[in-house]
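Per the numbering used here, the sequence shown starts with residue 11, numbered consecutively.
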Amino acid sequence: MRHFLEIDDLTPAELARVLDLALVPDPTPVLAAKGMALIFQKPSTRTRNSMEMAVVQLGGHPVCIQGDEVGLDTRESVEDVTKAMAGFHAAIGARVHQHSVVERMAKVEQIPIVNLLCDEGHPMQALADLLTIRSEFDGLEGRTVAYVGDANNVARSLAIGAGLTGVQFRIASPPGYQFASEDLDRIRLVGEPTVCDRPEDAVAGADVVYADTWTSMGQEAEAARRRRDFEGFQIDERLMGLASPEAIFLHCLPAHRGEEVVDEVLDGPRSRIWLQAANRMHAARGLLCWLLGEAQR
Ligand code: CP
Ligand code: NVA
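Here it is as structure tokens:
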């Protein structure tokens with residue numbers, strides 16, 4: 011059974027197919043008369059709405075569940091919740107704290123599991139990011155993405171996705187917030203990431219400048235320290251000026267305006283953040299269309 015826990019659960023050819031399916035005007039209604047459970051242990055705007063809409067567009071019925079309602083490992087074990095859900099639904103999407111939770115769901119092997127963000131990755135976001143870059147530049151191969159900030163879940167999935175699609179990935183993070191060596195090992199299985207100390211070096215001549223929050227969900231107690239540690243890693247017009255003249259700015263959102271990025275860039279002419287957010291729905295539809303359709307054959 012195929013699951014989607016990280017973007018390298020897809021081969022390069024499958025990833026290209028998912029991105030193609032995201033743009034098909036009349037996709038096969040692979041979820042007709044079926045449900046998809048969407049479990050959230052953390053807040054969400056884009057992921058919940060894009061997944062719900064994608065399920066509806068594929069003929070299905072989404073059931074959104076807050077983590078507390080099912081009580082993963084408190085009211086009932088992750089495995090037992092998964093088995094119960096398999097009686098009602100064709101797939102489960104889950105936004106969880108630990109990657110091990112989606113792995114345990116997948117091990118039940120009854121229905122496909124989709125990772126809707128965990129501490130390690132955000133593969134649904136990476137699909138939408140690649141879709142956005144592909145449409146902006148009419149292809150992915152040979153483009154350069156410069157990620158400035160925390161080497162977090164979003165950065166990890168984007169780096170792997172870039173490797174799978176021939177996109178050059180550069181990252182600049184302050185000391186203490188860089189990829190661990192095992193992360194780099196995994197990314198190097200598919201690509202050749204460039205690790206820079208200075209944001210300026212990452213951004214120089216890049217096609218895409220990318221930011222995420224300095225303080226991810228669950229790290230709120232560290233926010234003040236992180237604001238100090240990330241000083242000098244804010245994306246402003248000066249930094250954007252070092253990128254390619256055609257460069258675009260992306261951010262997975264939610265943005266912390268005035269921290270990782272200034273309003274002038276977020277709301278400026280190079281920003282594609284709202285297109286990128288809307289692409290979450292198209293990318294989700296493409297992924298589900300593949301996962302519940304072609305991948306099952
Ligand atoms: N980018 C993203 O996943 O947004 P939400 O947290 O609002 O779902
Ligand atoms: N890195 C962020 C992404 C939010 C979509 C977080 O995990 O909170």
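Where is the CB? At the ideal position from N, CA and C, for every residue including glycine.
Under the criterion of a Cβ to heavy atom distance below 7 angstroms, does residue i qualify as lining the ligand CP?
{"i": "Cys262", "result": "yes"}
{"i": "Leu127", "result": "yes"}
{"i": "Thr55", "result": "yes"}
{"i": "His292", "result": "no"}
{"i": "Gln76", "result": "no"}
Between residue i and residue j, is the Cβ-Cβ spacing less than 8 angstroms?
{"i": "Ala336", "j": "Gly45", "result": "In the structure as shown, the chain starts at 11 and stops at 307, and residue 336 therefore has no counterpart that could be examined."}
{"i": "Gly81", "j": "Leu41", "result": "no"}
{"i": "Gly171", "j": "Gly152", "result": "no"}
{"i": "Val155", "j": "Leu174", "result": "no"}
{"i": "Val65", "j": "Leu297", "result": "no"}
{"i": "Val164", "j": "Asp222", "result": "yes"}
{"i": "Val213", "j": "Val219", "result": "yes"}
{"i": "Val158", "j": "Phe243", "result": "yes"}
{"i": "Ala47", "j": "Ile75", "result": "yes"}
Note down, in chain order, each residue of its chain lying with its Cβ closer than 8 angstroms to the Cβ of residue i, except the 5 sequence neighbours on either side.
{"i": "His109", "result": "Leu15, Asn125, Cys128, Asp129, Glu130 and Gly131"}
{"i": "Asp246", "result": "Val271, Val272, Glu274 and Val275"}
Identify, in the order they occur along the chain, each residue of the same chain with its Cβ nearer than 7 angstroms to the Cβ of residue i, setting aside the five sequence neighbours on each side.
{"i": "Met115", "result": "Val88, Thr92, Ile102, Ala104 and Ile123"}
{"i": "Leu285", "result": "Thr142"}
{"i": "Ser263", "result": "The amino acid at residue 263 is misidentified as Ser; the sequence shows Leu. Cβ within range, chain order: Arg56, Ile283 and Ala287."}
{"i": "Thr38", "result": "Cys299 and Gly303"}
{"i": "Glu146", "result": "Ile258 and Arg282"}
{"i": "His13", "result": "Asp19, Ala116, Pro122 and Ile123"}
Applying the criterion that 16 or more other CB atoms from any shown protein chain within 10 Å of the CB defines a buried residue, is residue i buried or exposed?
{"i": "Ala294", "result": "buried"}
{"i": "Gly268", "result": "exposed"}
{"i": "Arg85", "result": "exposed"}
{"i": "Ala138", "result": "buried"}
For the putative contact between residue i and residue j, defined by C-beta atoms under 8 angstroms, what is the C-beta separation to the nearest angstrom?
{"i": "Ala23", "j": "His292", "result": "The pair is not a contact, with the Cβ atoms about 20 angstroms apart (cut-off 8 angstroms)."}
{"i": "Val106", "j": "Val112", "result": "6 angstroms"}
{"i": "Pro53", "j": "Met227", "result": "7 angstroms"}
Whose C-beta lies closer than 6 angstroms to the C-beta of residue i among residues of the same chain, with five residues either side of it excluded?
{"i": "Pro203", "result": "Ala169, Phe179 and Ile197"}
{"i": "Asp239", "result": "Pro184"}
{"i": "Thr225", "result": "Ala233 and Arg236"}
{"i": "Phe189", "result": "Ala161"}
{"i": "Met63", "result": "Met291"}
{"i": "Ala253", "result": "Val213, Ala216 and Val219"}
Compute the minimum distance between the beta carbon of residue i and the heavy atoms of the ligand NVA, and state whether it is under 7 angstroms.
{"i": "His132", "result": "yes"}
{"i": "Asp222", "result": "yes"}
{"i": "Val271", "result": "no"}
{"i": "Asn59", "result": "no"}
{"i": "Val164", "result": "yes"}
Let me check you understand the geometry: is the CB of residue i closer than 7 angstroms to at least one non-hydrogen atom of the ligand NAP?
{"i": "Asn289", "result": "As presented, the structure is devoid of the ligand NAP, carrying the ligand CP and the ligand NVA as its sole ligands."}
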